[in-house]
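Chains as they are written, first to last, in full-length UniProt numbering: chain A, 1 to 263; chain B, 1 to 441.
Where a beta carbon is used, it is the ideal one built from N, C-alpha and C, also for glycine.
This one's a predicted model, so the numbers in the text were calculated from it and none came from an experiment.
Written as structure tokens, this is what we have:
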């Protein structure tokens with residue numbers, strides 16, 4: 001459990017004269033949202049198991065500015081971006097991994113022009129590379145043979161063309177990966193993007209997360225796998241709305257891997 | 001010899017091409033009303049994009065039925081237009097099938113034109129049925145009420161008439177060739193119109209010549225009218241799809257541009273050595289307007305996008321907001337942008353080349369804030385567009401105007417922004433608690 005988590009900060013590492021291989025960018029959801037914190041911890045367990053040399057910014061981390069930018073507040077976005085870039089450049093960060101596709105997209109695509117040039121990886125890509133390098137092994141464990149459907153986060157899939165890494169991880173669990181009718185580039189948004197997460201939706205005849213949850217339930221899954229803390233919240237709410245919490249779980253890919261290994 | 005025909009033809013051609021050129025100039029002027037944006041980098045990638053997406057129709061076939069039918073019409077349109085070259089030469093010089101010296105190649109060409117014409121006719125009829133009988137959702141949508149719906153049908157009728165005239169012309173020509181009349185020398189093979197030709201059995205030669213001439217003239221006049229109709233129609237995509245895919249954004253779809261004007265100000269704010277009272281470098285410079293409230297504030301590629309949109313509605317049919325009953329329709333964003341741009345263009349025409357404020361703007365008069373705030377920025381519309389239009393970039397630019405120029409964000413978003421500013425997260429948590437998760441059970 002959490003007492004076993006080893007979570008060094010960049011400041012501590014620096015004080016010891018060490019430079020970690022990779023910065024784990026936790027993100028606001030991963031830091032503060034109760035559900036998303038579980039994803040953060042699951043990913044740290046994986047990092048610990050694979051003996052990855054990593055660190056977090058901790059209290060020096062601040063919102064990437066993604067929701068501000070998507071809401072139209074370019075000023076606030078760039079202020080956040082430049083502050084974060086100053087911090088990361090001071091630590092000579094080269095490589096970043098994050099479990100949030102929104103942070104991932106912003107750090108990867110929008111920071112370079114402002115002076116923040118890093119190699120940025122989504123945690124599913126990072127875990128895949130750990131497997132490829134033999135630093136981590138996965139066995140199906142409790143998920144063997146389970147029907148799992150994967151919901152493509154817009155900011156990972158369409159926005160950055162990462163479709164395969166999360167799927168490969170699910171398949172490594174010996175699970176039965178079932179696709180929704182709208183998947184990959186045609187995947188339907190969960191409804192949270194573009195700062196929608198933080199406001200009531202405009203008037204309509206349905207909530208987007210319900211529409212997407214119905215897509216997922218059509219595949220009759222035991223687990224809906226997500227790769228984004230916001231998608232996770234939206235789909236979890238959808239499952240509750242459909243009163244399916246007893247039979248269908250919404251889990252992040254990192255949680256699947258960590259739980260399969262009983263980490 | 002009677003040259004009246006040829007002179008009349010030359011005149012018609014000059015008027016047809018002349019008026020079209022005039023409108024193309026207007027089109028280019030209107031597009032240039034947009035802000036500058038550099039889209040000439042990485043030209044090899046751009047050529048590749050244009051070849052794949054516009055020429056190769058790679059995104060059309062994602063919806064296989066429409067994609068397949070569209071390719072027939074597209075290939076038919078391009079190839080049958082080779083025939084127009086011959087028609088123009090014949091018209092100007094009074095020749096008959098001047099390219100027939102190519103012999104067997106000519107037979108193959110005419111034969112394939114005929115087969116394509118028939119296929120186009122069938123495809124266009126299916127298109128018409130999809131719009132008017134089976135009423136596919138994206139065509140039944142209220143976005144298209146009024147002029148746009150008629151526009152779409154006019155185009156289909158045009159194509160039906162043009163293809164029928166082409167086949168009728170060939171059928172009469174073939175019949176006259178077989179009768180050995182006048183200058184109707186044997187030329188071409190007619191796999192389709194040979195089945196139409198028998199209707200002329202028993203008719204007088206004179207009448208058949210009149211029919212052949214009529215079909216010939218109406219066909220070329222039809223083509224010229226169609227050419228000139230383009231500027232007033234969604235059908236401009238047959239030309240603009242090419243520049244539109246060439247100049248499309250090559251970045252990852254998730255990347256929004258960083259406003260340079262903002263970067264300068266933010267750098268100044270964050271620079272401890274900056275003198276806040278220093279005179280601006282260029283005191284005459286107009287302070288930049290942030291975001292877009294009207295077409296002038298959009299960049300020229302966004303305006304080209306608006307002219308290129310053929311209103312197919314794939315964007316809207318994949319938009320999560322639209323599918324769940326919200327007012328947002330990415331297609332309508334593009335149609336509104338074009339309508340407003342046309343209005344601004346007409347204003348400029350009426351006022352001797354200068355735009356006179358008409359008290360209207362793209363924001364509010366065309367696109368409402370309710371539409372703009374319904375977007376999840378999921379990029380489904382951008383992904384779907386068969387010619388790489390980005391409705392999302394317009395939505396974001398308009399949100400920027402609302403937030404940075406008018407402070408008119410929805411209340412909840414204002415709270416989010418205040419939180420980010422004060423404590424570095426969209427929620428009201430203390431930044432000092434950011435690592436608490438590591439020590440929690």
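Item, Value
"Beta carbon proximity, residue 1 (chain A) to chain B, threshold 8 Å", "With a pLDDT of only 43 at residue 1 (chain A), under the threshold of 50, the placement of this residue in the model should not be trusted, and no figure is reported."
"Reduced DSSP category for residue 1 (chain A) - H, G, I as helix; E, B as strand; rest coil", "Caution is warranted here: a pLDDT of 43 is assigned to residue 1 (chain A), below 50, making its placement in the model unreliable, and no coordinate value can be reported."
"CA nearest to the CA of residue 386 (chain B), picked from B:316, B:412, B:255", "B:316"
"Min CB distance residue 31 (chain A) to chain B below 8 Å", "yes"
"Whole-angstrom distance between residue 80 (chain A) and residue 79 (chain B), CA atom to CA atom", "55 Å"
"Beta-carbon neighbours of residue 189 (chain A), restricted to chain B and to distances below 8 Å", "320, 376, 378, 380"
"Spatial neighbours of residue 189 (chain B) in its chain, beta-carbon cut-off 7 Å, leaving aside the 5 residues before and after", "107, 110, 111"
"Within chain A, the residues that residue 327 (chain B) reaches when beta carbons sit closer than 9 Å", "202, 203, 204"
"8 Å Cβ cutoff met for residue 70 (chain A) and residue 377 (chain B)", "yes"
"C-alpha gap between residue 86 (chain B) and residue 184 (chain B), whole angstroms", "15 Å"
"Residue burial classification, residue 133 (chain B) (beta-carbon count within 10 angstroms, cutoff 16)", "exposed"
"Other residues of its chain near residue 45 (chain B): CB distance less than 6 Å, five sequence neighbours each side excluded", "250"
"Cross-chain neighbours of residue 255 (chain B) in chain A, by beta carbon under 7 Å", "109, 110"
"CB contact below 8 Å: residue 251 (chain B) versus chain A", "yes"
"Spatially closest choice to residue 373 (chain B) from A:202, A:236, A:120, A:207, by CA coordinates", "A:202"
"Members of the segment 405-435 of chain B that neighbour chain A once the beta carbon cut-off is set at 7 Å", "409, 410, 412, 413, 416, 417, 420, 421, 424, 425, 426, 427, 429, 431, 432, 434, 435"
"Residue 122 (chain A), enclosing beta strand (DSSP E) - first and last residue", "119-122"
"Same chain, Cβ closer than 8 Å to residue 194 (chain B), neighbours up to 5 away in sequence not counted", "171, 174"
"Best match in A:184, A:199, A:88, A:187 for proximity to residue 111 (chain A) [C-alpha to C-alpha]", "A:88"
"DSSP state of residue 49 (chain A) mapped onto helix, strand, coil", "helix"
"Member of A:171, A:130, A:144 whose CA lies at the smallest distance from the CA of residue 150 (chain A)", "A:171"
"Beta-carbon proximity check, residue 94 (chain A) vs residue 258 (chain A), cutoff 8 Å", "no"
"Short CB-CB distance (under 8 Å) between residue 438 (chain B) and chain A", "yes"
"Partner residues on chain B for residue 67 (chain A), Cβ-Cβ distance less than 9 Å", "413, 416, 417, 420, 426"
"Length at least 3, wholly inside the segment 77-152 of chain A: the beta strand (DSSP E) runs in chain order", "95-98, 119-122, 147-150"
"Backbone CA spacing between residue 1 (chain A) and residue 262 (chain A) [nearest angstrom]", "For residue 1 (chain A), the predicted structure reports a pLDDT of 43, less than 50, and the residue's modelled location is therefore unreliable. The matter cannot be settled from this model."
"Interface flag, residue 242 (chain A) vs chain B, CB-CB below 8 Å", "no"
"Residue 6 (chain A): first and last residue of the uninterrupted alpha helix (DSSP H) it sits in", "Per DSSP, residue 6 (chain A) belongs to no alpha helix (DSSP H) and is neither H nor E."
"Inter-residue spacing [alpha-carbon to alpha-carbon] between residue 363 (chain B) and residue 393 (chain B)", "14 Å"
"Below-8 Å beta-carbon distance, residue 268 (chain B) vs any chain A residue", "no"
"Residue range of the beta strand (DSSP E) that includes residue 23 (chain A)", "22-25"
"Cβ neighbour criterion (16 or more within 10 Å) applied to residue 1 (chain B)", "Unreliable positioning characterises residue 1 (chain B) in this predicted model, as indicated by a pLDDT of 47, which lies under 50. The coordinate reading is nonetheless provided below. Residue 1 (chain B) is exposed by the Cβ-count criterion."
"Outcome for residue 350 (chain B) when other beta-carbon atoms lying within 10 angstroms are tallied against a minimum of 16", "exposed"
"Neighbourhood of residue 32 (chain B) by C-beta distance below 8 Å, restricted to the same chain and skipping five residues each side", "300"
"Neighbourhood of residue 148 (chain B) by C-beta, 8 Å cutoff - its chain only, sequence neighbours within 5 removed", "234, 311, 335"
"Per-residue contacts from residue 155 (chain A) into chain B (C-beta, under 8 Å)", "254"
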